[in-house]
Amino acid sequence: MFGAPSDDVSEVVKILSALVTSVVLTDGSRGAYVSDESGAHFVPATPVDAVDTTGAGDSFAGTLAARLVAGSTLAEAAASASAAASATVAVARSDR
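Right under this line is the structure:
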């Protein structure tokens, strides 16, 4: 269903997808799971050496929202959001 090994997270997304129109569930350094009318997708995180994870969720959410407003699909927006979150954690908070 997601293009990734089945685990508890993908099962949660499957259950939620039956209840709502779209689902975005982040899974830390592994990536994110998204589901909408186009189907379910696993979006892997961009591998980085994490320095400080503060703000990763904010970067993800902000980029996701901005890309959706700009017309991206949910999967495209999640890929951009994942890259933004990865870039955020690769830099110390004091250097951002």
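FYI, the numbering for the sequence shown is 32 to 127, going by this note's numbering. Think of the CB as a built atom: it goes at the ideal place given N, C-alpha and C, for glycine as much as any other residue. Predicted model only: the values in this text are computed from it and were never measured.
Using a Cβ distance threshold of 8 Å, determine whether the stretch 104-111 contacts the stretch 68-77, with at least three qualifying pairs required.
yes
Beta strand (DSSP E) segments (min. 3 residues) lying fully within the stretch 63-94
70-75
With a Cβ-Cβ cutoff of 7 Å, do Tyr64 and Val44 count as a contact?
yes
Using only the heavy atoms of the ligand PLP, determine whether one of them is closer than 6 Å to the beta carbon of Arg98.
Because no ligand of any kind appears in the structure shown, any question about the ligand PLP cannot be addressed here.
What's the C-alpha gap between Val120 and Gly93?
15 Å
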